[in-house]
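*Asks:*
Residue numbers (the UniProt record's numbering), protein chains in the order written: chain A, 1 to 440; chain B, 1 to 312.
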């Protein structure tokens with residue numbers, strides 16, 4: 001595993017912040033096997049270490065408790081997220097779903113609440129009586145689609161036809177989409193429209209016209225994508241661009257070599273997690289935005305089917321196929337070459353498990369930051385991607401305690417579980433998907 | 001202070017229709033509920049009035065991310081044909097020192113689009129962006145807004161100089177590097193006869209790269225410019241022969257930096273060696289990156305090597 005800290009000959013505010021972050025992270029990366037006495041007892045007590053070993057563990061029950069809490073009552077501090085309630089619902093539900101703990105008994109309430117956010121003119125707002133917006137529409141639909149296999153009424157809560165018309169009404173002459181009526185145009189909007197349209201079987205040629213061309217203008221000389229043409233490339237926007245292109249079957253139109261190089265350079269040499277932009281700091285949410293984008297590119301290139309790194313996984317299966325095997329040691333022994341994705345999957349998992357977890361549940365940007373639902377969702381999603389790679393039926397590559405750490409595979413383009421995506425596809429495959437019929 | 005209840009004696013507030021057992025139920029403070037109740041009522045009646053405008057300010061004060069309130073505010077402004085300098089001031093107030101919310105930045109754009117057209121208006125807006133960038137030199141929204149202003153108000157002339165100052169104060173400010181790319185290309189397309197001097201950009205990038213070999217930003221900028229040359233982009237002022245010469249020179253200069261142990265120097269050399277068909281050299285560099293200089297990316301480099309017909 002890499003452990004190269006930042007090097008510099010000119011100190012600037014960037015290098016200062018980077019050094020501070022490395023100092024903050026370093027204590028989490030001590031050799032756990034050398035721990036003794038009260039320190040070891042403490043880590044075992046909070047559950048970060050197994051009782052019988054030194055493998056770091058995912059605090060499953062605590063995360064479940066924290067995320068379930070997000071679906072219930074929220075303190076008054078959350079008024080700043082009052083226009084983002086579908087996001088809170090999605091972040092918590094998807095995190096829970098990866099942990100195999102989506103609350104079945106709450107599902108009727110979820111459908112009822114989100115249903116009140118849907119507007120007759122199409123799309124969802126951030127709450128009742130809020131105008132439709134791409135982000136709440138994306139989050140609401142994903143939340144409904146991920147619970148629907150257990151609670152099919154959730155499928156019926158989505159008004160496909162009106163959403164389609166609303167999507168079309170957000171489209172601009174330049175191929176971009178607005179986030180809402182009289183709202184900003186950027187690749188987030190493109191992605192949210194394309195992802196939901198695909199899941200609901202609404203991805204018509206009419207809707208897609210010019211969309212890839214707009215997104216391609218957002219790729220910069222560094223190789224990543226920015227939010228709008230000309231803007232600096234950035235992990236969140238790059239994910240949106242890459243996923244949208246892949247969903248439309250147009251990823252090959254971008255500069256893939258440049259893209260891969262840029263994503264891979266965002267993984268931090270010492271921390272192991274990803275940063276959003278060049279010369280910025282590690283942040284747990286980019287575990288998914290960058291890691292997921294790389295998984296999409298790797299899947300596109302079919303690396304795992306061509307042998308090469310697929311073999312690393314096979315060997316791994318042979319060695320740790322039995323329950324309770326020392327997965328951590330296996331991962332270490334193979335070094336960063338193991339796993340089929342084009343980034344260091346073990347290092348990313350290590351960052352998530354050791355630096356990202358709050359001992360009371362929930363995950364965070366970095367140790368000095370507070371936990372929140374957003375970082376919990378995307379840290380867990382990134383963990384899932386780095387465990388399962390772009391193959392979903394193989395044996396996962398697990399850092400730490402394999403008995404506790406394995407998450408369900410998430411779909412790298414939609415970020416709900418792979419089985420949820422398949423169910424949605426089945427559910428909507430026979431529904432009308434023709435522009436003229438949809439708008440009639 | 002705007003007394004909401006006194007301003008709407010004729011209006012019955014509408015409570016939030018959340019159902020009996022809502023999920024993600026925020027415990028709203030009483031003031032928030034009151035303000036939002038009147039706001040929902042105004043939305044329902046579509047009243048685009050002075051008092052609704054003032055009400056939106058109250059809503060935004062309780063939650064600046066309430067995009068519906070900003071949306072309604074713009075509708076009121078359009079209906080009332082309000083004084084717009086005032087509106088920019090309001091938005092500045094609402095944004096604070098380091099605004100990172102989409103609504104505030106989009107509102108500025110929408111207002112500028114609707115009502116401003118003079119160069120001075122753009123220059124004044126740039127002063128606002130300057131202030132934000134002084135607070136946070138990498139504020140993504142601020143740089144994006146800056147691009148919008150520069151293009152809309154045709155203010156590209158001073159931008160390269162502005163960016164150089166930003167890079168001088170932090171050579172790792174990657175947002176500033178990206179802005180340089182934007183400014184150079186925009187100026188070329190608008191009044192440079194469509195072309196810019198690749199050599200000028202290469203020289204600048206190399207000058208800054210030499211200050212700190214471990215700073216990714218100038219190396220990627222350099223390669224970006226070279227790639228544009230290699231693609232035969234019409235934006236570049238250099239002919240085919242010049243490009244070859246320039247590439248050779250850059251390769252030489254980078255080779256001189258090779259013993260600095262910088263992954264960025266090596267990475268840049270991989271790109272150039274690959275372009276020039278020097279497979280063996282590219283492979284050797286990738287191996288050094290994989291094994292020594294850039295081990296976190298060992299898998300990435302290994303894959304590159306395999307593509308070149310090598311690898312472990």
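Beta carbons: idealized from backbone N, C-alpha and C, even for Gly.
(1) Please list the partners that residue 74 (chain B) has in chain A, where partner means a Cβ-to-Cβ separation under 7 angstroms.
(2) Relative to the alpha-carbon of residue 89 (chain B), which residue among B:57, B:117, B:119 has its alpha-carbon at the smallest distance?
(3) Pick out whichever of B:119, B:125, B:116, B:26 has its Cα sitting closest to the Cα of residue 79 (chain A).
(4) Using a Cβ-Cβ distance cut-off of 9 angstroms, determine whether residue 182 (chain B) contacts chain A.
(5) Could you give the first and the last residue of the continuous alpha helix (DSSP H) run that contains residue 263 (chain A)?
(6) So which residues on chain A does residue 29 (chain B) lean against when the C-beta distance must stay under 8 angstroms?
(7) Does residue 365 (chain A) come within less than 9 angstroms of chain B when only Cβ atoms are used?
(8) CA-CA distance, residue 385 (chain A) and residue 274 (chain A)?
(9) Residue 389 (chain A) to residue 292 (chain A), Cα distance in whole Å?
(10) Any chance the segment 17-24 of chain B sits against the segment 84-100 of chain A, with 3 or more Cβ pairs inside 8 angstroms?
(11) Closer than 8 angstroms by beta-carbon distance: list the chain A residues that pair up with residue 90 (chain B), in chain order.
(12) What residues of chain B sit near residue 106 (chain A), judged by a beta carbon separation below 7 angstroms?
(13) Report yes or no: do three or more beta-carbon pairs, one from the segment 244-257 of chain B and one from the segment 205-220 of chain B, lie closer than 8 angstroms?
(14) Under DSSP, the alpha helix (DSSP H) around residue 405 (chain A) begins and ends at which residues?
(15) Cα separation between residue 238 (chain B) and residue 249 (chain B)?
(16) Look at the Cβ atom of residue 444 (chain A), then the Cβ atom of residue 154 (chain A), and state whether they are nearer than 9 angstroms.
(17) Which same chain residues, not among the five before or five after residue 14 (chain B), have their C-beta less than 7 angstroms away from its C-beta?
(18) Is it right to say residue 30 (chain A) is buried, meaning 16 or more other beta carbons lie within 10 angstroms of its own, or is it exposed?
(19) On the DSSP letters alone, give me the boundaries of the alpha helix (DSSP H) that residue 311 (chain B) sits inside.
(20) Can you list the residues of chain B that residue 85 (chain A) reaches, using a CB-CB cut of under 7 angstroms?
(21) What do you reckon, is the C-beta of residue 3 (chain A) under 8 angstroms from a heavy atom of the ligand ZN?
(22) Determine the DSSP secondary structure at residue 116 (chain A), reduced to helix, strand or coil.
(23) What's the C-alpha gap between residue 300 (chain B) and residue 231 (chain A)?
(24) From the DSSP output, which residues share a beta bridge with residue 49 (chain A)?
(25) Could you give the residue range of the alpha helix (DSSP H) that holds residue 220 (chain A)?
(26) Taking Cβ-Cβ distances shorter than 8 angstroms, what residues in chain B pair up with residue 279 (chain A)?
(27) For residue 16 (chain B) and chain A, any beta-carbon pair shorter than 9 angstroms?
(28) Within the chosen definition, does the segment 141-155 of chain A reach the segment 52-69 of chain B through at least 3 CB pairs nearer than 8 angstroms?
(29) Just to confirm before moving on: does the CB-CB distance between residue 433 (chain A) and residue 201 (chain A) stay below 9 angstroms?
(30) Are three or more beta carbon pairs between the segment 212-222 of chain B and the segment 242-253 of chain A nearer than 8 angstroms?
(31) At the level of alpha carbons, what is the spacing between residue 108 (chain A) and residue 14 (chain A)?
(32) Does the segment 199-214 of chain A come within contact of the segment 255-263 of chain A, defined as at least 3 CB pairs closer than 8 angstroms?
(33) Please return the same chain residues whose Cβ sits closer than 8 angstroms to the Cβ of residue 323 (chain A), not counting the five positions on each side in sequence.
(34) Could you work out which residue in A:184, A:103, A:57 is closest to residue 150 (chain A) when comparing CA atoms only?
(35) Does the Cβ-Cβ distance between residue 271 (chain B) and residue 223 (chain B) come in under 9 angstroms?
(36) Between residue 358 (chain A) and chain B, is there a C-beta pair that is closer than 9 angstroms?
*Replies:* The short version:
(1) 182
(2) B:57
(3) B:26
(4) yes
(5) 256-265
(6) 76, 79
(7) no
(8) 13 angstroms
(9) 9 angstroms
(10) yes
(11) Correct list: empty, because the minimum Cβ distance to chain A is about 17 angstroms.
(12) 23
(13) yes
(14) 402-405
(15) 14 angstroms
(16) Outside the shown range of chain A, which is 1 to 440, sits residue 444 (chain A), and nothing can be said about it.
(17) 37, 40, 41, 44
(18) exposed
(19) Run containing residue 311 (chain B): none; DSSP gives neither H nor E here.
(20) 24
(21) The model on display carries no ligand, and the ligand ZN is accordingly not part of it.
(22) coil
(23) 26 angstroms
(24) A:56
(25) First-last for residue 220 (chain A): undefined, no H or E at that position.
(26) 172, 173, 174, 215, 216, 217
(27) yes
(28) no
(29) yes
(30) no
(31) 48 angstroms
(32) no
(33) Reliability of the predicted coordinates at residue 323 (chain A) is poor, the pLDDT of 37 falling under 50, and the value obtained from them is presented with this limitation in mind. Excluding sequence neighbours, residue 323 (chain A) sits near 402, 403.
(34) A:103
(35) yes
(36) no
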